[in-house]
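Per the working numbering, the very first residue in the sequence shown carries number 140; after that it's consecutive.
Some notes on the structure that comes next.
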Amino acid sequence: MAGLQFRYHPSVADFAVPKRDYLAAHADGAYGYIATSAIVVDKFASPDPRLLLLQRAAGDSDPNLWEPAGGACEDDDASILCAVARELREEAGLEAAFIVGQLEKPHFYLVDNDTKKVCQFNFVVLLRTDDEAAVKLDPNEHQRFVWATKAEVDARRVESEGIDLAFTREEVCLSVLQAFDCCPLQSDTH
C-alpha cells in the first residue's frame, strides 16, 4: 500500500521482510500464515496510558467482540511491519509513526474450519497524531472504538463509556495487558 511511512525500533528488524521470506527463514514453524496486530498507545494520555480497542461488527466473524486493529499479512505487503501499518490504516484510519516493539510471544489459532494455522505477531505502535477523533472505522469490520487503560482492560469494563470488554480470544486480552508494560514515554521516540 502506497504512502506507508513509519519508523521502527531495531528490535523488530526481523519483521522488515516480506511474509514469504519470513516463512522461508522459519520453515520449522508449525504455521503457514501470518497475522499482525497494531496495539496503539495513546502516549499523550495522562497519568495512565490508554490503548485503542475496536469492537468487531455485528455482521462479521467474532461479532461484537473487542480486539486491537490487525489482520492477515498479505502477499503484496512489502514487509510484515508494513502489514501492521496497513491494517491500522484500513481498520482505524490511523497512520503508524513508530513501531515500538513486538510483544514477547505470538499466539496461534486456526481458521477456515481448522485447516489453516496462523501465527499472530503483536506490535506496540505509536501514531502520527494525538487526535483521538482521527479514528475512522471500516463499518464492514468494526462498529465502535474505545481508548482503555490497563485497569479498564483488567476489569474488562470501561465504566465511563458503559462498555463491557469481551475479547475475541483470551490471548488477545493477555497481549493487550502485556502491551501496557511496553508503553513508551513521549520522549522515547524523539
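Think of the CB as a built atom: it goes at the ideal place given N, C-alpha and C, for glycine as much as any other residue.
- Per DSSP, the beta-bridge partners of Cys-258 are Ile-173 and Phe-247.
- Going by DSSP, Ala-224 is part of the alpha helix (DSSP H) stretching over 219-231.
- Pairing Val-292 with Val-264 gives a Cβ-Cβ distance that is not under 8 Å.
- Excluding residues up to 5 positions away in sequence, Pro-157 lie with their Cβ nearer than 7 Å to the Cβ of Ala-217 in the same chain.
- Boundaries of the beta strand (DSSP E) harbouring Val-285: 281-288, taken from the DSSP string.
- Under the 8 Å Cβ criterion, the segment 172-183 counts as touching the segment 302-320, having at least three qualifying pairs.
- If you check the CB distance, Leu-266 and Ile-238 do not come in under 8 Å.
- Shown here, Ala-208 sits in a strand according to DSSP, grouped into three states.
- Its chain contains Ala-174, Pro-245 and His-246 as the residues whose beta carbon lies nearer than 6 Å to that of Gln-259, once the 5 sequence neighbours on both sides are disregarded; these appear in chain order.
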